[in-house]
Amino acid sequence: MQSSSTGPAAGNPVSPPWISASVAKLSHELATRYGDSQRARIQRGLQQVTAFWRTEDGDHAALEDFVRTGFAGDQATLDAIFDRLEHMLEQLGGHMHEINREFRQQLDLDLGPVLPLDEIIGGYDPSAHLVDDFFHNKLAFVVLLNFPLTTLAERLKDGPSWSRRQWAEVRLAQSFSKRIPADVNLGIAQAEAQTGQYISEYNIWVHHLLGAHGQRLFPPKMRLLSHWSLRDEIKASYADSSNGLAKQRMIQQVMERIVTQTIPAVVVNNPGVDWNPFTNAVTPAAVSDSDFLPAAQPHNRREPDIRYAMLQKTFLASKRADPYSPTAPTLIARRFDENREIPEARVRAMLEQVVNSPLVPQVAKLIEARIKRPLEPFDIWYSGFRPGSQYTEVQLDEIVAKKYPTAEAYQQDIPNLLMKLGFSSERAQYLAGNIVVDSARGAGHAMGAEMRGEKAHLRTRVEKTGMNYKSFNVAAHEMGHNVEQIFSLNDVDHILLKGVPNTAFTEAFAFIFQGHDLELLGLPAPEAKSEAEKLLNNFWATYEIAGVALVDMAVWHWMYEHPRASPEELNHATVQISKDTWNHYYASVFRKKDIVLLGVYSHMIDAFLYLPDYPIGHLIAFQIEEQMKKAGSIGPEFERMAKMGAVTPDLWMEHATGKPVGAEALLEAARRALAAVNEAAN
Ligand SMILES: [Zn+2]
52 MQSSSTGPAA GNPVSPPWIS ASVAKLSHEL ATRYGDSQRA RIQRGLQQVT AFWRTEDGDH
112 AALEDFVRTG FAGDQATLDA IFDRLEHMLE QLGGHMHEIN REFRQQLDLD LGPVLPLDEI
172 IGGYDPSAHL VDDFFHNKLA FVVLLNFPLT TLAERLKDGP SWSRRQWAEV RLAQSFSKRI
232 PADVNLGIAQ AEAQTGQYIS EYNIWVHHLL GAHGQRLFPP KMRLLSHWSL RDEIKASYAD
292 SSNGLAKQRM IQQVMERIVT QTIPAVVVNN PGVDWNPFTN AVTPAAVSDS DFLPAAQPHN
352 RREPDIRYAM LQKTFLASKR ADPYSPTAPT LIARRFDENR EIPEARVRAM LEQVVNSPLV
412 PQVAKLIEAR IKRPLEPFDI WYSGFRPGSQ YTEVQLDEIV AKKYPTAEAY QQDIPNLLMK
472 LGFSSERAQY LAGNIVVDSA RGAGHAMGAE MRGEKAHLRT RVEKTGMNYK SFNVAAHEMG
532 HNVEQIFSLN DVDHILLKGV PNTAFTEAFA FIFQGHDLEL LGLPAPEAKS EAEKLLNNFW
592 ATYEIAGVAL VDMAVWHWMY EHPRASPEEL NHATVQISKD TWNHYYASVF RKKDIVLLGV
652 YSHMIDAFLY LPDYPIGHLI AFQIEEQMKK AGSIGPEFER MAKMGAVTPD LWMEHATGKP
712 VGAEALLEAA RRALAAVNEA AN
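With the sequence shown counted from 1, adding 51 to any position gets you our numbering.
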C-alpha cells in the first residue's frame, strides 16, 4: 500500500516541474504565519494539493495564491469551511438525486408507454462531471488543502479512536481522492460496455446439444445465458428424476468448454448447429427451433480466447486509472480498500475459513444421502435445501391480493407492518411518513433520498388484480432498504456519514424484513426445520461462491503481475488458477481433481473484481441476523445499528455486534442447522 505522505506530487503523473520549489516556499511561509501547531496540517495539505495539481490548474503564482487564501490556519475558519461544505454537498447531492429520480420516472414507474425521449432523459446523469468541475473551480483543492486523505490502513488503525467529526472529515476528503482524466474514465466505460455486450449475448441453444446417441435432453427454443441460466438449469434439474443427472453432466461439460475456450466458436448463440459437447463434434442443425437457417458445413474451430481478451480489456482500462489514484493505486486496492474497506488479506482469510470449514464435508454427506449418489462437481450448485411452506403460492397470492388491491393500500398499512417487526408506534409512524410507495414498471426497487426532508421511495409491482405474493415478498425486502435509508440519512449525526459501509449491509437489512414476510401477513412464522434448511442452503451457496471469489482475486493479481500477457496466456493462467483453487478446497469433498467450474462466472469477465462482494455479503447478513436474534426484537436493534452510518465495516460491525466482520456467525448458524436437520432425520 502506498502511503499518502511520500513527498510532494507523489502519484501525480502530470506534476508541473516547479512544484517542489513552491511547496518549500509555502510550507515555510504558512508555518511562520500560523505557528508550529499547524506545521503537520500545512505539510499534509500541500502534499495533497500538489498530488493532483496540473499545469492547466495554473502556474506557480496561481498555486501559491490559492494556498495562501485557501488554507484554514485556525480552528474557527476550519469549522466554518467544514460546516459550509457539509451543508452544500448535502444540497447538491440531494437535488441531483431528485433530478435523477424525476428524469427516470417514466422508465421506473408503471406510467404507460415509454417514448424514445424517456430513454434519453432517463440515461442522463447531471452529476456525471461533478468531480471534474470541482477540480476545475478548485473546490476540490480547498478540501484537499484542509482535510486528510487516508489509506485504508490508517482508517483501520486510527478510525476507532476518531471522533465523529474526524470521520466526517475523512469521508469529505475521500470524495476527492482521485482525479481520473476524462479519457481514462471513458476507456473504462467502453471496456464495461464491450464486455457487457459480449456477456449478454453468450447464449447456448441447449436443444441443439447432443448426447452420445444423438439424443436431445432439452426442449426446443431453450436458450441459456452463460453462466446464470446454465447454472440455474443445473439447479432446476434436481427435480427431474428421469433426465436431470444427464442434463447436469452435459451443462457441466459446456461450462468447462467455455472456461477453457475449447468451445467451438460457431455454437455460441447459434441454433443453426448441433453440438456434442463431449466429443466437440459440430454438425448442421438437424432440427429447427428458430428463424436461423442450419449452418452449412460448420467448423468446430474453438473460440479464439475472446473471453480472456474481454477480461483483459477491463484490466488494461482500469490500470490506466492507477496513477491518478494515489491512496488506492490498483483496481484491486480500489475494490478492497475503497469500495469494501476490508483489506484483501482479511477477506481471503474469511473465505478460506468458510471453504476449509469442517462443516463442509458434513453438509456434503447430507447432500449425498439426499441425492443417493456420490457428489459430482456440478453439485456445488445443489439446490435441495428448501424451506417447506404450509401455504401454496396460490393461497398466498389470494391473501395478498385481498389485503393489498392497490399500492395505496400497502402504503397505508406500513405503520402496522413495522409494528409487527417490533418498531414502536411512534417510530413506525415516523418511518411510514418518510416512505412513498410507487407502482413499479419492473420487479421493484428501493430508492432512498440523499438529503434530509426528502422521502424514500418504495417501488413495487401491483397488478390490476392486486398485489401478488411475489411482489409482497419483494416489497418487504425493499421496505427493509427504505427503513435503513431513512435512519442512516435522517438520524445520523453527520450527513457526510450517511448510509452504510457498503451494499452488503443494506442488503442484510432488506433480507431480514423479507425473511419475515409471512409474519407481516399475519401468518405463522416458518418452522424451525424450514429455517434450518434455509440456513444450509445459504451455507452451501457461500461455500460455492467463496471459491469463485478466490479465483477472481487470484486472476486479477495474475493480470497485474503479467500486464503484457496475451489473451491465450491469460486463458491458461485462469484455467490453472481455477484448477488449483478447486484442488485445494473442493477436490477432497468431491473426490475429483482439476475441475475448472469455479472460473465460469460471467461477472469475472465484465464486473471488475466484483465477485468477492457475494460471499462477504453472506457473512455480513448472518452477523446482523444473529445479532437481531440475540436482541430478540428487530425494531430497536435495527435503528441502533443503522444510525452508525458509513464508517468502516469492521467498526460498524463492532458497534453493532461486538465483533468485526467475520465468518463465525455463518459457521455457527450452519452448525446449528446441521444438527437440527440431522436430528430430525434420525
Ligand atoms: Zn436489495
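Glycine included, C-beta positions come from ideal geometry on N, C-alpha and C.
In this text, all values refer to a predicted model and were calculated from it rather than measured experimentally.
- Check the Cα spacing between V194 and each of L275, T246, Q99: the tightest is with Q99.
- Here G238 has A368, R371 as same chain residues with Cβ atoms under 7 Å from its own Cβ, once five neighbours each way along the sequence are excluded.
- By the neighbour-count criterion, in which a residue is buried when 16 or more other Cβ atoms sit within 10 angstroms of its Cβ, M139 is exposed.
- Looking at the DSSP output, V445 sits in no beta bridge, so it has no partner there.
- By the neighbour-count definition (other C-beta atoms within 10 Å, threshold 16), V445 is an exposed residue.
- Spanning the alpha carbons of A224 and N589 requires a straight line of approximately 38 Å.
- In the three-state scheme derived from DSSP, where H, G and I count as helix and E and B as strand, E578 is classed as coil.
- Under DSSP, D325 forms a beta bridge with T334.
- The residue from A290, R385, P177 with its alpha-carbon nearest to that of T202 is R385.
- Close CB contacts of H496 within its chain, under the 6 Å cut and outside five residues either way in sequence, are with R510 (chain order).
- Set against 6 Å, the gap from the CB of A491 to the closest heavy atom of ligand 1 is not smaller.
- In terms of CA proximity to N407, V640 leads the group P67, M692, V640.
- At least one heavy atom of ligand 1 lies closer than 6 Å to the C-beta of A561.
- Sequence-distant partners of G550 (beyond 5 residues in either direction) whose C-beta falls short of 6 Å from its own C-beta, in its chain, are S539, A697.
- When beta bridges are read from the DSSP output, L261 appears opposite R267.
- Of the candidates A720, L162, S228, S228 places its Cα closest to the Cα of T378.
- Distance from the C-beta of E535 to the nearest heavy atom of ligand 1 is not below 6 Å.
- I671 and F562 have their C-alpha atoms some 11 Å from each other.
- G598 places its beta carbon 7 Å or farther from that of T554.
- At a Cβ-Cβ threshold of 7 Å, Y594 and V451 do not count as neighbours.
- Taking 4 residues as the shortest admissible run, the segment 586 to 656 contains the following complete alpha helix (DSSP H) segments, listed from N- to C-terminal end: 618 to 636, 638 to 641.
- Note on geometry: alpha-carbon atoms of Y461 and L574 lie some 17 Å from one another.
- Separation of the CB atoms of L621 and Q363 is rounded to 6 Å, and the pair is thereby assigned contact status at 8 Å.
- Annotated as distal: M306 and I656, with beta-carbon spacing of 7 Å or more.
- In this structure, the straight-line span from the alpha carbon of I685 to that of P577 is close to 17 Å.
- The three-state reading of DSSP puts N63 in coil, since its state is none of H, G, I, E or B.
- The shortest C-alpha to C-alpha distance from R119 to any of L196, I150, R691 is the one to L196.
- Around the beta-carbon of Q565, 16 or more other beta-carbon atoms lie within 10 Å, marking it buried.
- At a Cβ-Cβ threshold of 7 Å, H508 and V525 do not count as neighbours.
- Inter-residue distance for P355 and N320 is about 16 Å (C-alpha atoms, whole angstroms).
- In this structure, E558 has its CB closer than 6 Å to one or more heavy atoms of ligand 1.
- Under the 8 Å Cβ criterion, the segment 259 to 268 counts as touching the segment 326 to 339, having at least three qualifying pairs.
- Nearest neighbour of G504 by Cα position, chosen from G109, T381, Q142, L168, turns out to be Q142.
- Sequence-distant Cβ neighbours of P211 in its own chain, meaning closer than 8 Å and more than five residues away, are L702, E705.
- Put simply, of R353, P335, Q248, D340 the residue whose alpha carbon is nearest the alpha carbon of A347 is P335.
- Comparing C-alpha distances from S280 to each of R308, L162, N254 shows the shortest one belongs to N254.
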